[in-house]
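Residue numbers (this note's numbering): 363 to 674.
From the three backbone atoms N, C-alpha and C, an ideal C-beta is built for every residue, glycine too.
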């Protein structure tokens, strides 16, 4: 799907699957095994977040709902918001089931290291999701202990919702990097699920999540992150990356794109995603800063990472 060229020499390739849907959810372009289950990882988060609202959680702000669907970089505003969500539910960082981590933001991680601060659960990139999961459990009267067990009512609701939104049953449930259940779906189901959010009627859980994510892209990722920058550049775009080479994006009234790179790397994701968005008619000028990644050589640029002919 993506090629790496260095000084005119074809150096590497990133293979995988990509699907483009129209506004009705019909497939208009497909490359690779778009119907084979994969692990969407954090790209599942926006659809997952609708179950927190359905459980009775009432966020105090759209910022709380945005970070519930995000993978933040551990900057101070991210960590403070996650802690405030926990406090509002009568909980604290020790209640989080995600592992302790340093911030993923390079500057903030360096600050923590210089100050001698230890990894913390609230700095982990999924702490907003976990704080929202716990808040939903409190609102619904479900136990917070064991909230990551697949048999817990919240996790059962998430599994059912992902299958419903994607139009296919979850084919496997594994343990994600943050300790929560992770649900296998095809990239086609992933695209349909996220498209359903931006197409949802105002006032519904799906539309509330979509609006919050698009209103606060910094809370979904962080400073300099692709999701934050591209959502800021393309009006109406909902976008969410996942670990191991997954990405999904959707535009209301237009369609959706989802992809998985087989090597699990990050380098080829933006060229592939932008090629899919270009097929949806997104302005090339808006996509230009993301559509091709420069390849460095010495003190200059000697090549590029670009979509293959299969995507263009």
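Which partner residues does residue i have in the DSSP bridge list?
i           : result
residue 545 : 535
residue 374 : 366
residue 384 : 617
residue 379 : 622
residue 400 : 547
Quick check on DSSP: helix, strand or coil for residue i?
i           : result
residue 463 : strand
residue 668 : strand
residue 367 : strand
residue 656 : strand
residue 662 : strand
residue 393 : strand
residue 609 : strand
residue 310 : This structure cannot settle anything about residue 310, because the visible part of the chain is limited to 363 through 674.
residue 673 : coil
residue 628 : coil
The alpha helix (DSSP H) spanning residue i covers which residue range?
i           : result
residue 500 : 489-502
residue 407 : 407-416
residue 474 : 468-477
residue 563 : Unbroken run through residue 563: none, as it is neither H nor E.
residue 444 : 438-450
residue 507 : It is not in any alpha helix (DSSP H) - residue 507 carries neither H nor E in the DSSP assignment.
Are the beta-carbon atoms belonging to residue i and residue j less than 8 Å from one another?
i           : j           : result
residue 462 : residue 431 : no
residue 459 : residue 541 : yes
residue 537 : residue 524 : no
residue 634 : residue 363 : yes
residue 648 : residue 571 : no
residue 393 : residue 550 : no
If I follow the unbroken beta strand (DSSP E) through residue i, where does it start and stop?
i           : result
residue 602 : 600-604
Please confirm if residue i has its CB atom under 8 Å from at least one CB of chain B.
i           : result
residue 670 : Absent from the structure: chain B. Only one protein chain is present.
Specify whether the segment 388-404 and the segment 466-479 touch according to this definition: at least 3 beta carbon pairs, one from each stretch, less than 8 Å apart. no
For the pair the segment 484-498 and the segment 424-442, tell me if three or more CB-CB distances fall below 8 Å. yes
- request: Mind the definition here: the segment 605-617 touches the segment 548-564 only if three or more C-beta pairs lie below 8 Å; say whether that holds.
  value: yes
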